[in-house]
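Undergrad: One structure coming up, written as structure tokens, with questions to follow.
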Amino acid sequence: QLRREIVTTMLVNNVVDTGGITFAYRVTEDVGVGYVDAVRTFAATDAIFGITTLWRQIHDGGENGQLPVDVSDRMTLDLRRLIDRAARWLLNYRPQPLAVGAEINRFAAKVAALTPLMPQWLRGADKAIVEKEAGEFAAHGASPDLAYSVAIGLYKYSLLDVIDIADIVERDPAEVADTYFALMDHLGTDGLLTAVSGLPRDDRWHSLARLAIRDDIYGSLRALCFDVLAVGEPDETGEQKIAEWEHTNGSRVERARRTLSEIYAGDHSDIATLSVAARQIRSMTRTTGTGQSA
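Each residue of the sequence shown is one higher than the one before, starting from 1190 at the first, in our numbering.
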């Protein structure tokens, strides 16, 4: 009994230190689960992405003066964004109540194996964003490895989808990753996701609206990845698969692209325009997020 209480106390302390004092509250509000489920999901997310190890490196860098306070705060915030998104993904896409050990076994080793390969999969603006942020962290005292690990966090989150899709369609995770990140670059979804992050959070409903749009964009990207893989061959690049997919879905892709071009050309993004953008991306899909026909 005492050992269990000690372990529980350590886990709760870790949740508060790493995920923030409001982590459990945020997850319960966002997804509608209980506090126990929120903590269980944190434990899985922590093990899958090595969150505590990264947080300790950031914390130690701040404590010994190696990292300025504003930089360590920014890195911690980036880490918490990864925790929040990964936790919601596990609660939305995996069987509940979450089997923590099984999910760690399913994802952790593959995430660790795929992460070093991510620089070859990121393209264009996505690659530039990661390199810029990693460079800024390193310039202020973070080790190159830590700087890059934190900067790539929100892209590393997408490895959950990559691994899950690969398992469902029985394709190599590396091929799926190349296709997924090629799609992300091709559709410019990172710009949309950044705009979503800039939406107001005046109250609970604004916050939930932001989450709904973000989840819709990620969900559409996941569904499109199934579609593109279905028409492409394993030895083709992501770009070749996308070109093939666009050729076979010309009319629906063209309609969506026209609307998205108008939105991208605008200088103002609000809930209305971003909701339309998310809907247009969704309109290009033929399958659901499970790979089944819609």
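The beta-carbon is built from N, C-alpha and C at its ideal position, and this holds for glycine as well. Computed from a prediction, not measured in an experiment: that's the story for all the values here.
How about residue 1415 and residue 1349: do their beta carbons lie closer than 9 Å?
TA: Walking along the sequence shown from the start, residue 1415 turns up at place 226. Walking along the sequence shown from the start, residue 1349 turns up at place 160. Their beta carbons are not under 9 Å apart, which means residue 1415 does not touch residue 1349 by this criterion.
Undergrad: Can you list, in chain order, the residues of its chain whose CB lies under 7 Å from that of residue 1417, leaving out five sequence neighbours each side?
TA: Position 228 of the sequence shown, counted from the first residue, corresponds to residue 1417. Taken in chain order, the residues that qualify are 1368, 1372, 1430, 1431 and 1434.
Undergrad: Which term fits residue 1321, buried or exposed, when burial requires 16 or more other beta carbons within 10 angstroms of its beta carbon?
TA: Stepping through the sequence shown from its first residue, residue 1321 is reached at position 132. That one is exposed.
Undergrad: Report the CB separation of residue 1319 from residue 1340 in whole angstroms; it is logged as a contact under 8 Å.
TA: For the purposes of this step, residue 1319 is identified with residue 130 of the sequence shown, where counting begins at 1. For the purposes of this step, residue 1340 is identified with residue 151 of the sequence shown, where counting begins at 1. With a Cβ gap of about 5 Å, residue 1319 and residue 1340 count as contacting.
Undergrad: From residue 1306 to residue 1398, what distance separates their C-alpha atoms?
TA: Taking the first residue of the sequence shown as 1, we reach residue 1306 at position 117. Taking the first residue of the sequence shown as 1, we reach residue 1398 at position 209. Approximately 34 Å between the Cα atoms of the pair.
Undergrad: Assign residue 1476 to one of three DSSP states: helix, strand, or coil.
TA: Here residue 1476 refers to the residue found at position 287 of the sequence shown. In this structure, residue 1476 counts as strand in the three-state DSSP scheme.
Undergrad: Which ranges does the beta strand (DSSP E) cover as unbroken runs of at least 3 residues, wholly within the region 1308-1371, from first to last along the chain?
TA: With a minimum length of 3 residues, no continuous beta strand (DSSP E) run stays inside the region 1308-1371.
Undergrad: State yes or no: is the C-beta of residue 1238 within less than 9 Å of the C-beta of residue 1204?
TA: Residue numbering aside, residue 1238 sits at position 49 when the sequence shown is read from its first letter. Residue numbering aside, residue 1204 sits at position 15 when the sequence shown is read from its first letter. No, these two residues do not count as a Cβ contact at 9 Å.
Undergrad: Tell me whether residue 1423 sits in a helix, a strand or coil according to DSSP, three-state version.
TA: Residue mapping note: residue 1423 aligns to position 234 of the sequence shown, counting from 1. Coil at residue 1423, not helix or strand.
Undergrad: Which value, in whole angstroms, describes the spacing of the CA atoms of residue 1229 and residue 1325?
TA: Taking the sequence shown and counting its residues from 1, the one referred to as residue 1229 is at position 40. Taking the sequence shown and counting its residues from 1, the one referred to as residue 1325 is at position 136. Straight-line Cα distance between these residues: approximately 34 Å.
Undergrad: State the DSSP-derived secondary structure class of residue 1222, mapped to helix, strand or coil.
TA: Here the question's residue 1222 lines up with position 33 in the sequence shown. Three-state DSSP puts residue 1222 in coil, outside helix and strand.
Undergrad: Less than 8 Å between C-beta atoms, sequence neighbours within five positions excluded: which residues of the same chain meet that for residue 1393?
TA: Residue mapping note: residue 1393 aligns to position 204 of the sequence shown, counting from 1. Around residue 1393: 1218.
Undergrad: Does the Cβ-Cβ distance between residue 1312 and residue 1361 come in under 9 Å?
TA: What you label residue 1312 is simply residue 123 of the sequence shown in a count that begins at 1. What you label residue 1361 is simply residue 172 of the sequence shown in a count that begins at 1. No, the pair does not count as a contact, with Cβ atoms beyond the cut-off.
Undergrad: By a C-beta neighbour count over all protein chains shown, 10 Å radius and 16 as the cutoff for buried, is residue 1378 buried or exposed?
TA: As a position in the sequence shown, residue 1378 is number 189, starting the count at 1. Under this definition residue 1378 is a buried residue.
Undergrad: Might you give, ordered along the chain, the residues of its own chain that have their beta carbon closer than 8 Å to the beta carbon of residue 1491, omitting 5 neighbours on each side?
TA: The displayed coordinates of the chain run from 1190 to 1483. Any statement about residue 1491 would go beyond what the structure contains.
Undergrad: Would you tell me roughly how many angstroms separate the C-alpha atoms of residue 1447 and residue 1344, rounded to the nearest one?
TA: Within the sequence shown, the letter at position 258 stands for residue 1447. Within the sequence shown, the letter at position 155 stands for residue 1344. Between residue 1447 and residue 1344, the C-alpha separation is close to 27 Å.
Undergrad: Keeping to the same chain, check which residues put their C-beta closer than 7 Å to that of residue 1400; ignore five residues upstream and five downstream.
TA: Locating residue 1400 in the sequence shown gives position 211, where the first residue counts as 1. 1219.
Undergrad: For a test of your reading of the model: does the CB of residue 1412 fall under 8 Å from any non-hydrogen atom of the ligand GDP? Yes or no.
TA: Looking for the ligand GDP in the displayed structure turns up nothing, as the structure carries no ligands at all.
Undergrad: Are residue 1260 and residue 1330 close, meaning C-beta to C-beta below 9 Å?
TA: Residue 1260 sits at position 71 when you count from the first residue of the sequence shown. Residue 1330 sits at position 141 when you count from the first residue of the sequence shown. Contact flag set, yes.
Undergrad: Residue 1381 lies in the alpha helix (DSSP H); which residues open and close that run?
TA: The count along the sequence shown starts at 1 and reaches residue 1381 at position 192. That run of the alpha helix (DSSP H) goes 1378-1386.
Undergrad: Given this structure, state the Cα-to-Cα distance separating residue 1289 from residue 1451, to the nearest angstrom.
TA: Stepping through the sequence shown from its first residue, residue 1289 is reached at position 100. Stepping through the sequence shown from its first residue, residue 1451 is reached at position 262. When rounded, the distance between both Cα atoms is 44 Å.
Undergrad: Find the nearest neighbour of residue 1383 within the set 1402, 1478 and 1198, judged by alpha-carbon distance.
TA: What you label residue 1383 is simply residue 194 of the sequence shown in a count that begins at 1. Minimum Cα distance to residue 1383 is reached at 1402.
Undergrad: Taking Cβ positions, are residue 1356 and residue 1282 nearer each other than 9 Å?
TA: Here residue 1356 refers to the residue found at position 167 when the sequence shown is read from its first residue. Here residue 1282 refers to the residue found at position 93 when the sequence shown is read from its first residue. No, Cβ-Cβ distance for residue 1356 and residue 1282 is not below 9 Å.
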